[in-house]
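Notes follow once the structure below has been shown.
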Amino acid sequence: MDQRLIRNFSIIAHIDHGKSTLADRILQATGAVSEREMRDQVLDSMELERERGITIKAQAVRVHYTAADGETYQLNLIDTPGHVDFSYEVSRSLAACEGALLVVDASQGIEAQTLANAYLAIEGDLELIPVLNKIDLPAADPDLHARAIAELIGEDPERVLRISAKTGQGVPDVLEAIVARVPPPSGDPDAPTRALIFDSVYDQYRGVVAFVRVVDGSFRRGERLVSMRAGLAFEAEEVGVMSPAMTPTGELGAGESGYLVTGLKRIGDVRVGDTLTLAARPAAEALPGYQEAKPMVFCGLFPVDADDYPDLRDALEKLSLNDASLQWEPETSQALGFGFRCGFLGLLHMDIVRERLEREYDLELLATTPNVEYRVTDTQGQEIAVRSPAELPPPTRIARIEEPYVRCTVLVPSEFVGAVMGLCQDRRGAFVTMEPIEQRQQVVYDLPLAEIVLDFYDQLKSRTRGYASLDYEVVGYRESPLVRLDILLAGDTVDALSTIVHRDLAYQRGKGLVERLHKTIPRQLFEVPIQAAVGGKILARETVKAKRKDVLAKCYGGDISRKRKLLERQKEGKKRMKQVGSVEVPQEAFLSVLEIGGDGRGGGR
Amino acid sequence: MSPGVRHLYVHLPFCASRCGYCAFVVETGALDRRDAYADAVLAELRLEERRLGALETVYLGGGTPTLMRPRRLARLMEAIRPRLAPGAEVSVEANPETVDGRALRALRAMGVTRLSLGVQSFQPHVLAALDRAATPDQARRAIACARAAGFADLSVDLIFGVPGQSPADLEADLQEVLALGPDHVSWYELELKPGSALARRGADLPDEDAVADAYAGIVEGLEAAGYRWYETANFARPGHECGHSLAYWGAADYLGLGVGAVSTVAGRRWRNAPGLERHIAALAAGHAPPRTEEALGADDRRRERWMLGLRLEGGVPLAWLGPPDRPEALARLEAAGLLVREGDGVALTRAGRFVQNAVLHELMEYA
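Protein chains in written order, with this note's numbering: chain A, 562 to 1166; chain B, 38 to 404.
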């Protein structure tokens, strides 16, 4: 394929701003998908992705488009995830493109995350094509937002496209703009082959499938390839493109994107960001890779039924096949028994993994409070990574504790600035800057990551009536006076309910937690004192009163089976509780640790 | 050789209307089928007769058995009488508004020894909340008539935990019961059964503390007046316990006749299907009525014995109950003052009787 006729691009958009609809429209307009096959969000293949309306995995889809100049172009659309947890995936998608569509809702304007990704694209030297979507909506203000976007990315407002992906209005202009504005790839078709792996999935039947962008040279089916960093050699069992179903082509040439069936059995063997070259004629130097995605959030996952432990391990193994960023290792909790400490990219990632485990593998799970990774220097001068409260050494052995900080950018209408600043202050934030963007304010705070991973996002949304958008990036570790807040049920510390908190917030958090647990833990045969303590000192206490009445009102001949079954159902209900020492704790109790702000359960989206 | 079943229940499903808390098998507006139904009961009795030994207790329950009128009840009693053991207990349930002096005398005459009156409350607004048809005065009159007719075993049913029932309402009911002086009192906590009108209306039941206070008040009040709290919801002057109910709590075999009735005989339990017409038609054709049978395993029976036996004041022998699923819990519960062991006997303490379910879950694996 003549590289001059190839265009590689992605779409950057905030959730709900219409990325998937536009992608669907492009597939339709180019005939890649027939009307009959058309279902909403063709590219979001995972059930969860479709349901939540988000994209988790990057994918490349090839379509052919005959432009106004009479030439037929090969367009490779490389999909990007829209959530902050998956921003590392965005950067790899962008690295495989020469251009990007910046899609913005014409009624809402640009959001923090979109802006961050747009800047990523600009840094990567990508040609940005700004697109205002949903101009058919009554609330759309294309003129205002066109000026604002143009200013943000240094573009002429006249060049901002105005479309409605829903009605199809303006979609042909988008295709023409891709052809006209996105530069063709500039690799050397004759140089030794270099292909960048920008994503991979595990297929049960074919092993690891790698998604690649060929930069220089080409490769064919049957050729031996070598991954330059990992040094692993394998045969290209099948080579092809997504259009959007997997379609073998036998070869991928310079400038093209497509897939490659490796036959490898472990996803870890194919590192995203690695460069593939031909074993017969290797390239001298690998392409610049990516930073490996690092887990930011950790939590313990425990089966509600201890017998499910082996099933949970199998399920995690299977999930890991497709999710190289998911980390896990065995963990034992006094309260919850055997489980796994898992590392996630962020809260959404954690939610998704947990939901998939429960839904696709039919497991009932308890998740402990999410934690960040603390760096503790002990009195011997040794540095310890602490990923769970249980790992925190006793205070006497701690010289200092550092915690990860993030720089949070919040875009919010001016009337909510006070609410946002209040929330950030509550969460130990340090003000950085504030400046107007479009009709809104961009508020920047540095916050401990630990404060974000609880219910920050939910609180932000609820305090700004959904108007705020959030982006954050890690800015490093800072020292903090942190302590472990323990919860005692009936006098025994429940390790799974411990959290690491700032010393000054320990009383407030402890009191709130004890109150929430008091509401969640049902009455039992014996009274259950609930206490919050730091270093053995009790900060707060509530007591769940003992049951006073729990008896079957009447029981005669006609009732005996029904009453026995009633006891069996009660027992079923008890099974959903976790026996912690002598206390039955409902699963919600473990979630209540997530909530700080008061209303609504944390952790969800 | 088994001596045969000693306890007979007959379900008489007719009611003038369905009460708000009721989810039993009852038939409203089918009064013209009473003769055909009596025929069906007699036919089923003949079908099952071979299972019966000398009957120690008979219970005619409902529905509203007295809606059968004395004439039809007498037909049933004629068929049952030859099977009765000497001194057998024969109970009939009645709603106050359905009996008068003549009807009650007729019941006595046909051999009914025990009358259980469904009073539920003496407070008009509580009766209204339950959709009960009788007035408090009708209840008082029925009790007086029953005494006059010569019933020496008179029981009243009452309910607590009704939405809108204040502690004062309950105290008034208690004082009224004590003044009327029945021999036996069944005082049930209101249950919201799925399928009942109250459940559909989404009634708000009082909270656990309020119900526990009410329950404790009833127990104390009746005990102070000389009644024994001999079973979870039942109180009696000594010697006036309900023998038929004791048979259930003793996990004895029993035969149930009529639509919706349950039988448990020799490790088998079956339930006649609801549906008056199908029931009548099957028996008219000489077949057993449609039934569902439930397999009862040894563990089911053992767990039932625990569930039933611990309802009794004096407790029951451990050897009869069989081993608990978690024997280690016995000592723990005893130490906590919820259970006592004396010799081979196991009984709940007063405190334990209020939380019997929770105690059972400590001891047994209901699964």
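Glycine is no exception: its CB is placed at the ideal position from the N, C-alpha and C atoms.
C-alpha of residue 1017 of chain A to C-alpha of residue 858 of chain A: approximately 14 angstroms in a straight line.
When DSSP assignments are scanned along the stretch 766 to 801 of chain A, the uninterrupted stretches of beta strand (DSSP E) that are 3 or more residues long and fall wholly within it turn out to be 768 to 777, 779 to 781, 785 to 788 and 794 to 796. Leaving aside the five residues that flank residue 844 of chain A on each side, the residues in its chain whose CB is nearer than 8 angstroms to its CB run, in chain order, 752, 753, 754, 755, 777, 778, 789, 836 and 838.
For the stretch 1074 to 1118 of chain A, the full-length beta strand (DSSP E) segments reaching 3 residues or more read 1089 to 1095 and 1098 to 1105 along the chain. Under DSSP, residue 903 of chain A takes part in a beta bridge, and its partners are A:860 and A:889.
When the beta-carbon positions are compared, residue 674 of chain A and residue 1032 of chain A come within less than 8 angstroms of each other. In this structure, residue 1060 of chain A sits near residue 930 of chain A, with a CB-CB distance shorter than 8 angstroms. Taking a Cβ-Cβ threshold of 9 angstroms, the residues of chain A close to residue 391 of chain B are 1108, 1109, 1110, 1111 and 1112, in chain order. If you ignore the 5 residues before and after residue 984 of chain A, its C-beta comes within less than 7 angstroms of the C-beta of 1020, 1021 and 1024, all in its own chain and listed in chain order. Each residue's CA atom was taken as its position, placing residue 303 of chain B and residue 1142 of chain A some 41 angstroms apart. Here the stretch 578 to 594 of chain A makes contact with the stretch 714 to 728 of chain A; the two share three or more CB pairs at distances below 8 angstroms. CA-to-CA, the gap between residue 743 of chain A and residue 566 of chain A works out to about 11 angstroms. Following the DSSP letters along the chain, one finds residue 637 of chain A inside the beta strand (DSSP E) bounded by residues 633 to 639. According to the DSSP assignment, residue 628 of chain A belongs to no beta strand (DSSP E), since it is labelled neither H nor E. Exposure of residue 855 of chain A is indicated by the presence of fewer than 16 other C-beta atoms within 10 angstroms of its C-beta. Taking the C-beta atoms as reference points, residue 91 of chain B is found no nearer than 8 angstroms to residue 145 of chain B. With respect to the C-alpha of residue 768 of chain A, the residue from A:882, A:737, A:866 and A:1003 having the closest C-alpha is A:882. Flagged as an interface residue toward chain B: residue 1121 of chain A, by a C-beta distance shorter than 8 angstroms. Taken through DSSP and simplified to helix, strand or coil, residue 582 of chain A comes out as helix.
In chain order, 865, 925, 1147 and 1148 place their CB closer than 8 angstroms to the CB of residue 1137 of chain A, counting only its own chain and leaving out the 5 sequence neighbours on each side. Per the Cβ contact rule, the stretch 1042 to 1049 of chain A is in contact with the stretch 1090 to 1098 of chain A (3 or more Cβ pairs under 8 angstroms). The distance from the Cβ of residue 78 of chain B to that of residue 295 of chain B is about 6 angstroms, consistent with a contact at the 8 angstroms cut-off. Shown here for residue 366 of chain B: same chain residues with a beta carbon closer than 8 angstroms to its own, the five before and five after excluded, namely 399 and 400 in chain order. For residue 200 of chain B against residue 240 of chain B, the beta-carbon gap comes to about 5 angstroms, under 8 angstroms, which counts as contact. In this structure, DSSP gives residue 968 of chain A an extended state, which the three-state scheme calls strand. The residues 936, 937 and 938, in chain order, have a CB closer than 8 angstroms to that of residue 944 of chain A in the same chain once the five nearest residues on each side in sequence are set aside. Counting C-beta atoms within 10 angstroms of its own C-beta, residue 357 of chain B has fewer than 16 neighbours from the protein chains shown and is therefore classed as exposed.
Inter-segment contact for the stretch 269 to 289 of chain B and the stretch 231 to 245 of chain B is absent: fewer than three beta-carbon pairs are separated by less than 8 angstroms. A residue is called buried when at least 16 other Cβ atoms come within 10 angstroms of its Cβ; residue 1002 of chain A meets this threshold and is buried.
DSSP links residue 992 of chain A through a beta bridge to A:1006.
Judged by pairs of C-beta atoms under 8 angstroms, the stretch 916 to 924 of chain A does not touch the stretch 958 to 972 of chain A, as fewer than three such pairs exist. Residue range 1138 to 1141 is occupied by the beta strand (DSSP E) that includes residue 1139 of chain A. Think of a sphere of 9 angstroms around the beta carbon of residue 1088 of chain A: no beta carbon from chain B falls inside it, the nearest being about 11 angstroms out.
For residue 1084 of chain A, the neighbours in chain B by C-beta distance under 8 angstroms run, in chain order, 245. Residue 296 of chain B has a beta carbon lying at 8 angstroms or more from every beta carbon in chain A.
Contacts with chain B at 8 angstroms (Cβ-Cβ) do not include residue 670 of chain A.
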